[in-house]
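Notes for the one structure printed next.
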Amino acid sequence: MNSKRTWIEKLGDFISGKGFYLVVLICVAAIALSGYYLVQGVRGGLGESLDQPASGSAAIRDTPTVQPSARPSAPPASAAPSARPSQAQPTPSNPPVVSEEPAAALSTPPSQPPAAPSQQPAALVFTWPVNGTVIAGYSVEALAYSETMGDWRTHDGLDLATSLGAQVYATASGTVSAIYKDDFMGTTVEIDHGNGLTSQYANLAEVPTVAVGDGVSTGSVIGSVGATAAAEQGSQAHLHFAMYQDGNPVDPVDYLPAR
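Position one of the sequence shown corresponds to residue 35 (our numbering), numbered consecutively onward.
Structure follows, in structure tokens:
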């Protein structure tokens, strides 16, 4: 057996032993060293390139790129129709006008024309309707005997005896309100004196001298004494005269002047 070994064999034994780690360490160191120099070279070249002034020319184009729109743009807000009338807003160039009148003047109501003075109706002046004598007085609370009717009854006026055909006068101013022929009191004329006061003239001649609607004054002739009252045929020629306030009989003597 040959104990002499070749250097190749010895190298293989070394590598397969501790020499393997040494080889690996050398390789790692070589790789690290190579990487270091590589990095330094790159950094050095980059620094030199940055220190050199830039050469050449560059052109900048201002034309904007127009992007196509998928749908038409909405009109400006100012062009859109308003749903309700716009209200004018004050602007610095057109400030609102402020009245300089005192507040008291603004609150003063407009002057009114003076009211026309009220015209009071003239006081009525009364007169006796005929020149005659009272033969039957006013009696609505006590019964009075009627010679014609032969009974006792109330009497709502005055019977004034006079001659047949004597003129009959309006006792006060007013308006003729009615002319009619009553079955018992004969031809009758009524005059409205206002304020609810009326006068009645009965037992007149067939045709009075006034018509409904005529205005009369105190003492105006309205007719003449007749004999048309069936209820008073038993008495001498006379005028039956009565007065009413708001439809209720009143005593004519309270209105007529004293004799």
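Backbone N, C-alpha and C define an ideal beta-carbon position, used for all residues, glycine too.
A distance below 6 Å between beta-carbons, with the five flanking residues on each side excluded, links D216 to the following residues of its chain, in chain order: T222. When rounded, the separation of the alpha-carbon atoms in Q270 and A200 is 13 Å. The shortest C-alpha to C-alpha distance from A170 to any of A156, F160, T196 and L158 is the one to T196. In this structure, DSSP gives G247 a state outside helix and strand, which the three-state scheme calls coil. Within the same chain, A236, N237, A263, A265 and H274 come within 7 Å of M219 by CB-CB distance, once the 5 residues on both sides are set aside. Rounded to the nearest whole angstrom, the CA to CA distance from Q279 to G191 is 13 Å. Per DSSP, reduced to three states, the secondary structure at D280 is coil, with no helix or strand assignment. By the neighbour-count criterion, in which a residue is buried when 16 or more other Cβ atoms sit within 10 angstroms of its Cβ, I213 is buried.
Taking C-alpha positions only, H227 is separated from G281 by approximately 13 Å.
In this structure, the CA atom of D285 is about 17 Å from the CA atom of A204. Taking every protein chain shown into account, the CB of G46 has fewer than 16 other CB atoms within 10 angstroms, so this residue is exposed. For V223, the enclosing beta strand (DSSP E) begins and ends at G220 to G228.
With a threshold of 16 other beta carbon atoms within 10 Å, Y172 meets it and is buried. Within the same chain, Cβ atoms closer than 8 Å to the Cβ of A261 are found at L198, G220, N237, Q267 and A271, the five residues on either side in sequence being excluded. In the structure shown, the three-state DSSP call for Y55 is helix.
For Q201, the pairing in a beta bridge is given by DSSP as S258.
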